[in-house]
Every structure is written in C-alpha cells, then in structure tokens.
Amino acid sequence: MLGCSRKYLWIIYKLYPPSKYIPEYAIAINVAKRYNCRNVLDVGCGAGNLFKVLVDTVPIERYIGIDILDIFRIKDHRAIFIKGDAKYPPNWLMNYSFDCIFFINSLFYISTNIVDLLRIYGELCRYLIIIDLDPRIQYIHIYLANLLEGGIRTTLRKLEETVKRIGFKVIEKKSGSTHYLVLTR
C-alpha cells in the first residue's frame, strides 16, 4: 500500500503548484504573517511549495521540510530538507524550536495516530497550524486519498475536539472546503 501511496502523493505534488491563489497556501501566508512565522517546519513538505510561497511574503530565517518522498528542489541557504518518515523525526530535529509548524493536507497521510504525531511536533513550536480539505467535499483526490488512507480524514469539529482533548488551545479556526486550525499549548 505504501508504494501506491507514494505514487499517488507524487502525482498530487505535481498538480499543486506553489501559488498564493491556491486556498491552502493563501491561508498559510496569512497565518504566517499574523503569527510572525520566521522559523518554520513543514511536515509533509513535498517539493517545498510552502517555502516558495512564504519566502516572498514573510521574512523566513529557517525553513525545514520533512517528507517521505525525495522531490524537494529548493536551493536556498535558509531551507533544509529531511527525507524521512514524519512519524519518526530525527533526534537532532528535537533540538530546534519553531515559530510555526505546518501540516498542509498532510496530517492524515502521515499517520492514523494523529494524537501522537501532534504531541511530538507540538513540543517544538509556539503555533501548530493544520490546514486540510473538508472530507465531506467530494473532490476526486480526497476520494482517492480516503481509499488509500482508510478514510481517516476528519471534519474540523472532530479535529478540534481531538486537539483540545490532548491539551492544545485553538486560537484561530475557519471552516469551509479548505479548513484550518491554529493551535498553541
């Protein structure tokens, strides 16, 4: 199944250009500006599109992207790429602190146990930002992702209940076809 998932992710990454007009990136830009995100970790970074859209609008000092696929193509002294499974971040990463950690359409690809994943990354940052597509909207890629993932993608309300239960505070949220939460401890 993982090979199938990797092939699917490769296709999705190719279809998502780095554009401030794509809702996920428009949200990320606005949130990064509001919360002064200069040191960013992008979990499930793909080709590094978040860096590409942030670098012109936010004074990025350090960007670290982690992804299971080796398609990151950013050549910039502020950007570091980690090829690996985000469920098991490298030990050295635990020595960093970030202003913001982004999960853009990646939280449910990475793990069926989002509670442990959020606990790990929540210790490294001031703000944890989850941007995701509403699973009730029947986009073809959501349908395919749910087939691959086993249908674990959840609604904003359920996600909010989960993060509150494990000790996060929701300081900002928006629902819609692309929804997001900004969390802090």
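Read in order, the letters of the sequence shown correspond to residues 147 to 331 in the working numbering.
Positions of the beta carbon are idealized from the N, C-alpha and C atoms, including for glycine.
Put simply, of E170, I175 and F248 the residue whose alpha carbon is nearest the alpha carbon of L329 is F248. Note that the C-beta distance between D278 and S323 is not below 8 angstroms. Boundaries around R303 are those of the alpha helix (DSSP H), L302 to R311, since no beta strand (DSSP E) includes it.
Around R180, the same chain offers no residue with a beta carbon nearer than 7 angstroms, after the five sequence neighbours per side are excluded. Rounded to whole angstroms, the gap between the alpha carbons of G190 and I210 is 11 angstroms. If you ignore the 5 residues before and after S165, its C-beta comes within less than 8 angstroms of the C-beta of Y171 and V199, all in its own chain and listed in chain order. Contact between L327 and L305 is confirmed by a C-beta separation of about 7 angstroms, below the 8 angstroms threshold. Just measuring C-alpha positions, the residue of Y234, A193, I228 and F197 sitting nearest A178 is F197.
Out of H223, D216, I217 and R219, the CA that lies nearest to the CA of I206 is found in H223.
Between V316 and C246, the CB-CB gap reaches or exceeds 8 angstroms. For R219 and E307, the gap between their C-alpha atoms comes out near 36 angstroms. The alpha-carbon of R331 is positioned some 15 angstroms away from that of D262.
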